[in-house]
Each structure stands twice: as C-alpha cells, then as structure tokens.
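Note sheet for the following structure.
Numbering (UniProt numbering), first residue to last: 1 to 313.
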C-alpha cells in the first residue's frame, strides 16, 4: 500500500516542548515562525489522538505562523498528567499554553487562532468562550465543536463505543511490534489508506507508550471516558459556541469516523443547529472523512486557508 498524500508543503520537523500546567508539564510540538511577532496557531487534537495528527496542517502554516500542538492531558506525551479530566480542564491547559506564548502580551503575536479537530474543537470553543476569551482572535472548528447526533447506547461507555469503534478498542489492546500496530490501523476503514504516509505513521507511533513491550496506547482510558461524556452530555460544553467572542468557521467532512456517509455533520443536521445567531459559518470539505480532513490535500488547504483568514480578521 503506497498510501495517499498529495502535494502539501514539505514537512518541517517540530521541536518537542513542555509547558508547565496544573499538575505537571503539558507535552507539545512546536513549529517556529520565520519572524518575531508572527501570528500563533494552536492546534488541538481529538479524543484519542495526539499532536502529530496535525503534522500536515502544521507544515502548511509553519514559518508563516508560530504553530503549537499540545498532547492533551491523558494522551501521548501528556499521559502522565493527573486528572481530574474533562474538557474544561483541557480548556484551562490551552489558556495556560497561550500565556506561555505571550498571546495576551502587547509585544506578542498580532493574532492568535485556535483550531480544534473532533473533541479538540469542543475544547477550542470552550477555551475561546472562557479562560482564553481575551487572547483568541480566531476560531476554526474541524469536524467537531457542535452538538453531535445522539449515538446509540444506554450509558456513556456504550455511546462512546458506538461512535469511536476501533479507535476505542485499541486502548485495551497490546501489540507485539510496530508491524502489528500498522496491521491494526490498516483494517480501519477511514485510517487504513493513510497508514504508510510518513506523517500519519509518525502520528500512530506517537500514540504508543515509549520503551514498553508489548506495545500499547498511551491514552488513559479514564481520560477518554470522562472527556467523551463531556462531549455528549455536558451542557456547558455544548453551549460554548453560543457565547464565542469571535466569528468561527466549521469545516466538516463529507464522511465519518468509519468512512461512512453521512459523517458527523451534513446540511440537514447543520440546518437544525441554527448556526447563524452564533456567528459560525459552516463549509464542507469534499471527499474527506473524519480523519483525512487533516491529511488530504484539500483538507489541509481548507484548514490552512481558514486559519489565515481568521488571523487576517
């Protein structure tokens, strides 16, 4: 399998950084800007993902922006950060990260744009509406951030299993070696075609606990459970987009987490959410699924263009 790719910008290697937050250090990847005072783009990943999910988007923005992508509390390099978990905790971590980069300093960046994918879009909206309200100049939601259709299941665990499927199953799975990890993801209907793209392979590897055999995901199951419950049931999270201090754009994928149609959003669902009063503009990114919207050429271009537009505003 040769994977997919397309002529996105040449990837730059990020710098691993650690930012002090409540309880320890938040792990993040950092791509520097070419000039001081450049705008900042903070990229927030999804519920079982990690900072490397953004590598191709970061490549399109790096140099032009200071780009920073955290591993959220309970994931990858931030797996050791203690609970309590929950999206409000993540939003506070994002606000602390912005303080570290001087987003609220008159001598700092001209503009700060928060970008969130999937659960990260809910975190970004919550941060923009709350602890980072005075620091955010633009908000881009990528296939997330707005109330989802009610998934089947009697409780949170059943609902998350219905939504996440294999991505959740892997948290209780061990693998003898990296080829076994690759084989697991190759069977995933939405991720499978991308497993041999180097940046995606790096993203899948970053998920693993370093230096441990057999291999297993670094995601803390309790963090995923608590955070998933917030996405589905926490009214403060679901109402965050009604109190945004800046206009926002939702970029939505045609297909969903299993490469199915419809995805998390479609025209009918978005019409029912009544976005206009909240200042959110929705735009489809054709021929992408929930994952490939961050990896496909058209997805990378759509996200990067929206970040530039938000910074210009």
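Beta carbons are placed, not taken as given, at the ideal position from N, Cα and C, and that holds for glycine.
Quick caveat: nothing in here was measured; it's all calculated off a predicted structure.
Setting aside the 5 residues that flank it on each side, residue 21 is surrounded in the same chain by 93 and 96, each with a C-beta closer than 6 Å to its C-beta; the list follows chain order. About 7 Å separates the beta carbons of residue 45 and residue 69, which is inside the 8 Å limit, making them a contact pair. For residue 16, the enclosing beta strand (DSSP E) has its first and last residue at 15-21. Secondary-structure assignment with DSSP links residue 40 through a beta bridge to 66 and 112. Scanning its chain for C-beta atoms nearer than 6 Å, with the 5 sequence neighbours on each side dropped, one finds around residue 166 the residues 188, in chain order. Three or more beta-carbon pairs separated by less than 8 Å link the segment 251-259 to the segment 139-159, which places the two stretches in contact.
One Cα belongs to residue 151, the other to residue 275, and the distance between them is close to 21 Å. Contact annotation: residue 66 and residue 47 have beta-carbon atoms that are not nearer than 8 Å. Contact check for residue 176 against residue 214 passes: the beta carbons are separated by less than 8 Å. Judged by DSSP secondary structure, residue 27 falls within the beta strand (DSSP E) whose first and last residues are 24-31. Around residue 259, the same chain offers 189, 190 and 289 as residues with beta carbons nearer than 6 Å, after the five sequence neighbours per side are excluded. The C-alpha of residue 223 lies about 11 Å from the C-alpha of residue 80. Under DSSP, residue 215 takes part in a beta bridge, and its partners are 175.
For residue 279, the CB contacts under 7 Å within the same chain, skipping 5 residues up- and downstream, are 244, 247 and 248 in chain order. Here the alpha carbons of residue 100 and residue 36 stand approximately 15 Å from one another. By the neighbour-count criterion, in which 16 or more other beta carbons inside 10 Å mark a residue as buried, residue 268 falls on the exposed side. Beta bridge pairing from DSSP links residue 81 with no other residue. Within the segment 260-311, complete alpha helix (DSSP H) segments of at least 4 residues are found at 267-273, given in chain order. The secondary-structure analysis by DSSP pairs residue 117 across a beta bridge with 142. Annotation: residue 199 to residue 117 spans about 17 Å, alpha carbon to alpha carbon.
Taking all protein chains in view, the Cβ of residue 50 is crowded by 16 or more other Cβ atoms within 10 Å, so the residue is classified as buried. Counting along the chain, residue 251 sits inside no alpha helix (DSSP H); it lies in the beta strand (DSSP E) bounded by residues 248-253. Here residue 53 really is in contact with residue 294; their C-beta atoms are around 6 Å apart, less than 8 Å. Only buried fits residue 72, as 16 or more other CB atoms lie within 10 angstroms of its CB.
With at least 16 other beta carbons inside 10 angstroms of its own, residue 206 counts as buried.
Around the beta carbon of residue 178, a 10 Å sphere encloses fewer than 16 other beta carbons of the protein chains shown; the residue is thus reported as exposed.
Residue 86 is positioned such that its CB atom lies closer than 8 Å to that of residue 226. Restricting attention to 256, 83, 220 and 82, the CA atom closest to the CA of residue 162 is found in 256. In the three-state reduction of the DSSP assignment, residue 208 falls in the strand class. A straight line joining the alpha-carbon of residue 232 with that of residue 115 spans about 20 Å. Residue 135 and residue 296 have their C-alpha atoms spaced approximately 30 Å apart.
Assignment of residue 222 by DSSP, reduced to helix, strand and coil, places it in the helix class.
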